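Asker: Numbering-wise, the sequence shown is residues -23 to -1, 1 to 825 according to mature numbering (1 follows the signal peptide of the UniProt record, and there is no 0).
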Amino acid sequence: MEPLLFTLLHMVTAIINFSRGNGTTCSLRGDPTYPQIWKDGNIIVGAAFPFHSNWETSDMSYLVMPQQMKCGSLDFRAFQYSQSLIFAIEEINNSSSLLPGISLGYKIYDTCSSAALGVKVAMALINGNENSVLDEMCTKPAQVQAIIGETYSSVSMAIAKSIGPFSIPLISHYSTCECLSDKGKYPSFLRTIPSDYYQTRALAEMVKHFGWTWVGAIRRDDDYGNSGMAAFTEAAEQLGICLEYSLPYFRTYSDEKVLKIIQQIKSSTSRVIVAFLAHWDLEILLQDFFKHNITGYQWVGTEGWISDSELAAKDEHHILKGAIGLAIPKTTVTGLKDFILDIKPLKSVGRDIFTKFWEALFKCKYAMQNATMDYPLCTGDEKLSEMENIFTDMSLMPIFSNVYKAVYAIAHTLHELLGCKETCPTKKQPDPFTFLENLKKIHFKTKEGEEVFFDKNGDPAAKYDIINWHGNVQHEFVTVGLYDSSIMGHDRLAVNMDLIEWAHNIKQVPISVCSESCPPGKRKAVQKGKPICCFDCIPCAEGEISNMTDSIECHQCYQEYWSNHQRDQCIKKEVEYLSYKETMGILLTAVSIIGAFLTMVIAIILFRHKNTPIVRANNSELSFLLLFSLTLCFLCSLTFIGQPSDWSCMLQHTAFGITFVLCISCVLGKTLVVLMAFRATLPGSNIMKWFGPPQQRLSVITFTLIQVIICVVWLTISPPFPFKNLKSYKEKIILECNLGSTVGFWAVLGYIGFLAVLCFILAFLARKLPDNFNEAKFITFSMLIFCAVWITFIPAYVSSPGKFTVAVEIFAILASSFGLLFCIFLPKCYIIILKPEKNTKKQLMGKV
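#1: In the DSSP assignment, the alpha helix (DSSP H) including Gly727 goes from what residue to what residue?
#2: Determine, for Ala208, whether the minimum Cβ-Cβ distance to residues of chain C falls below 8 Å.
#3: For Leu297 and Asp319, what's the separation of their Cα atoms in angstroms?
#4: Which class does Thr(-17) belong to by DSSP, given the choice of helix, strand or coil?
#5: Using the C-alpha atoms, what's the distance from Ile242 back to Ala233?
#6: So the beta strand (DSSP E) Trp539 belongs to, where does it begin and stop?
#7: Alpha carbon to alpha carbon, how far is Cys355 from Phe339?
#8: Does DSSP classify Ser204 as helix, strand or coil?
#9: Output needed for Lys160: all residues of its chain with C-beta closer than 6 Å, excluding positions within five of it in sequence on either side, in chain order.
#10: For the beta strand (DSSP E) containing Thr456, name the first residue and the last one.
#11: According to DSSP, what are the bridge partners of Ala194?
#12: Going along the chain, which unbroken runs of the beta strand (DSSP E) with 3 or more residues stay wholly within the stretch 257 to 344?
#13: Once DSSP output is grouped into helix, strand and coil, what is the label at His29?
#14: Which residues does DSSP list as the beta-bridge partners of Trp446?
#15: Counting Cβ pairs, one atom from each stretch, are 3 or more of them under 8 Å apart for the stretch 119 to 137 and the stretch 145 to 158?
#16: For Phe601 and Lys549, what's the separation of their Cα atoms in angstroms?
#17: Nearest by alpha-carbon distance to Gln324: which of Ser606, Phe56 and Ala255 is it?
#18: DSSP state of Trp15, grouped into three classes?
#19: Residues in the same chain with beta-carbon distance under 6 Å from Ala773, minus the five sequence neighbours each way, listed in chain order, please.
#20: Cα separation between Leu742 and Ser705?
#21: Does Gly312 pass the burial test, meaning 16 or more other C-beta atoms within 10 Å, or should it be called exposed?
#22: Distance, Cα to Cα, Gly466 vs Lys185?
#23: Since Glu67 is in the alpha helix (DSSP H), which residue starts that stretch and which ends it?
#24: Return the CA-CA distance between Phe722 and Phe633, expressed in angstroms with no decimal places.
#25: What number of angstroms, rounded off, separates the C-alpha of Ile529 from the C-alpha of Glu551?
#26: Does DSSP put Gly49 in a helix, a strand or coil?
#27: Could you spell out the range, first to last residue, of the beta strand (DSSP E) harbouring Glu155?
#28: State the beta-bridge partners of Pro699 as determined by DSSP.
#29: Applying the criterion that 16 or more other CB atoms from any shown protein chain within 10 Å of the CB defines a buried residue, is Val578 buried or exposed?
#30: Using 8 Å as the threshold, is the C-beta distance between Trp257 and Ser463 below it?
#31: Does the separation of the CB atoms of Leu615 and Thr576 fall below 8 Å?
#32: Who are residue 827's beta bridge partners in DSSP?
#33: So, under 8 Å CB-CB, Leu224 and Glu182 are touching, yes? Tell me the CB distance rounded to an integer number of Å.
#34: Buried or exposed for Pro171, going by 16 or more other Cβ atoms inside 10 Å?
#35: If Ala300 sits next to Trp446, beta carbons under 8 Å apart, how far is it from one beta carbon to the other, in whole angstroms?
#36: If contacts are defined as beta-carbon pairs under 8 Å, then Thr400 and Gly82 qualify, I think. What distance do you get, rounded to the angstrom?
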């Protein structure tokens, strides 16, 4: 834990020092902080780098002044950063086009990776660090124009918050925490490395690209890790990625805490681990992974460790084999590599730190009394070219370039503010606020042609290389893709899948999902109490489809479409109507034609025997008119078959209604003739003169004309029309005739029924009249059949679906037509053909 009390005590000390200043004298209480590397100049650039990676804390009390922090474990990377800064300043000082006549100096401090010491260093940089300041006012301008650093986000946050009120810029080369983009909290912070805002979204898009929706995560337990993982979690959720676990880790964690982390990872089902860690955190964690035999996971890394060669060298058990992640794009700065490896400038400007560095680098000791069997005496002539260690490794050249660009951003801003052309007219340090505002707007190109600028949050443009760890013996960093945030859409992520080597030497992309993908035709249903990535696959309902993998909902097909068997495609509904080509249509057509043919045959038979008593007995004229109407009845059923059209819909019901009324009218006329004929035999009866042939024809015309009027009114007001019935069957369309006005339809049918009932009653009354051939009996039977058919037709018509409705109506027409034909005319044909001896007037008039 950071010694925050240490920081507070030093800040109190600074206040006391300020309050004790009397007139022109200031004194600095406590242990002064000196730069590790420095060089004088007209304008000073400050820097804060972690030359040590840890520190030792002592017991602190508010009663005594805290002791100086003891730093340990030299970090060679900080020396590389320092060399990059010195190289840039020397290059600028030797330039005739940038800041001519002005020399830049520098003060580089060691923060020991401590936020507390970082704040103290920042105060020393902006206020000065002499023990006594004579003949000067205490309220003097800042000692440095800007500060470059710090490496780690937590330290940068502490420094930025401390110097922000003074408008001193802090330009970081490696602090990526998204939180530092908040200009309300950190108004003077800028950086030359992209923010984790972009990195976390790039990581999430990359994880999604590989199809991993169920991942685990380990984060560094500080501002960098916690903020980065929070941003990654948010971006991942937007892309449908779930975190099975998100575990904090710090290199100082106890064994008990680490064991809990190990156990949770071992019990997890995800096979991908996203690591928001620093490289030395991961170095320690790898040892625990090896102890517990945790291998075969696919690691996804941030730029904090994915391209670190020191970590790769220490991964002896290849736990990170196949790791893939984001790195700052490779870049080169001409001459920088040779300058870093030529450590003479470092020796001349920072002798004390140089001595520690040299001893750690070559594992030797300068002082004779410190030399041992393990650490020989340093000669000073050791060859760096013969060494191969973290200092000679140039894999972090993009980060060195970030330091280089930060120095040049300061120089270009000074160049503009000081009005430099052939020479700078003044060497006076610009006002901090003015300098900061101009620094935010700077836009220039390096000598390699790379553009440098800051957005409104002080961040540069975000580009990342996608790095993959190759090799079975020694890890090799291979660039397999690119992410460019300036490109919109999916094109900003480009990956060459053929170049990737995966963990566990598998050939295909590892699978890490909570539930297998739902194929087209099914939808996802989230399992209760679990993340959205854990789901069941539910088949789509009838009429719904999902035509993509992992669909969260099924889409309803349009009205005229229906889902196929697989539920992954909407297909045109089958159109159904009573067709001439199907079996039912063929049978009904055949029966209709047979009925009409039989009717005509009977008509021919009767016509050839029209002068015989049995034909003449019951008004042969009405008989032939009845046969004609029956023929029309049989043929009108054909209008119901075939695809409905405007004309067929209007014709079928009107033709059916008129022909049947004509038919019933003829039967009714024949029935009345029978009744009147027998009534006329009574003494004094003169009734037949009122119901002779003219009156019979008039009755038929009148009855039929009424039906014609009903049909005309129906067709005028609301005629039948073709209609697509989408409700009777969900999976098919029924083409049928909509009745238009149901009142008109039932009026036509009701009028037929009325005449049929009337005819049946009259025929029933005449059934026992004394006659050998009493036609009234056969009319009674025919009307009985007719009424029975149409009474049963009504419920059958209402309940029959689709084309069967039409079939029921045709069947009713045919059945009633055959009933009339056979009951009335078949007995006559029987006598005419088979019993001609009975076809005499004597036989017909004989008493039963």
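Glycine included, each C-beta is placed from N, C-alpha and C at the ideal position. Because the structure is a prediction, the values reported are computed rather than measured.
Answerer: Reading from the atomic positions:
#1: The continuous alpha helix (DSSP H) containing Gly727 extends over residues Thr719 to Leu742.
#2: The question asks about chain C, but that chain is absent: this structure has only one protein chain.
#3: Rounded to whole angstroms, Leu297 to Asp319 spans 33 Å at the Cα level.
#4: Caution applies to Thr(-17), whose pLDDT of 42 falls short of 50 and renders its modelled position unreliable; the value that the coordinates give is listed next. Here Thr(-17) carries a helix assignment [DSSP, helix/strand/coil].
#5: A small correction: the amino acid at residue 233 is Glu; Ala does not occupy that position in the sequence shown. The straight-line gap from Cα to Cα measures roughly 15 Å.
#6: Counting along the chain, the beta strand (DSSP E) containing Trp539 begins and ends at Tyr538 to Ser540.
#7: C-alpha separation (whole angstroms): 8 Å.
#8: Secondary structure of Ser204 (DSSP, three-state): helix.
#9: Residues of the same chain with a CB within less than 6 Å of the CB of Lys160, apart from the 5 flanking positions on each side, do not exist.
#10: Thr456 -> beta strand (DSSP E) spans Glu453 to Asp461.
#11: Answer by DSSP bridge pairing, in chain order: Ser223 and Val251.
#12: Segments of the beta strand (DSSP E) lying fully in the stretch 257 to 344: 275 to 278 and 301 to 304.
#13: When secondary structure is reduced to three states using DSSP, His29 falls in the strand class.
#14: Partner(s): Phe454.
#15: Cβ pair count under 8 Å is three or more, so yes.
#16: The straight-line gap separating the alpha-carbon atoms of Phe601 and Lys549 is approximately 50 Å.
#17: Sequence inspection shows Lys at residue 324; the Gln mentioned does not correspond to that position. Looking at Ser606, Phe56 and Ala255, the one whose alpha-carbon comes closest to that of Lys324 is Phe56.
#18: Judged by DSSP in its simplified three-state form, Trp15 adopts strand.
#19: If we look at Ala773 and ignore the five residues flanking it on each side, its Cβ neighbours are Val785.
#20: The C-alpha of Leu742 lies about 45 Å from the C-alpha of Ser705.
#21: Counting the other Cβ atoms within 10 Å of the Cβ of Gly312 gives fewer than 16, which makes it exposed.
#22: Rounded to the nearest angstrom, the two C-alpha atoms are 14 Å apart.
#23: Where Glu67 is concerned, the enclosing alpha helix (DSSP H) stretches over Phe53 to Asn70.
#24: Rounded to whole angstroms, Phe722 to Phe633 spans 11 Å at the Cα level.
#25: Their backbone Cα atoms lie some 28 Å apart in a straight line.
#26: It is a strand residue.
#27: Per DSSP, Glu155 lies in no beta strand (DSSP E) segment and is marked neither H nor E.
#28: In DSSP, Pro699 forms a bridge with Cys714.
#29: Note on Val578: under 16 other CB atoms within 10 angstroms of its CB, so exposed under the neighbour-count rule.
#30: No; because the gap between Cβ atoms is not below 8 Å, this pair is not in contact.
#31: No, these two residues do not count as a Cβ contact at 8 Å.
#32: Because the chain is modelled from -23 through 825, residue 827 falls outside the range shown and cannot be assessed.
#33: In this structure Leu224 does not touch Glu182 by the C-beta definition: roughly 23 Å separates them, more than the 8 Å allowed.
#34: By the neighbour-count rule (16 or more Cβ atoms within 10 Å), Pro171 is buried.
#35: Rounded to the nearest angstrom, the Cβ distance from Ala300 to Trp446 is 4 Å, consistent with a contact under 8 Å.
#36: Your pair Thr400 and Gly82 does not check out as a contact, with CB atoms roughly 18 Å apart and the cut at 8 Å.
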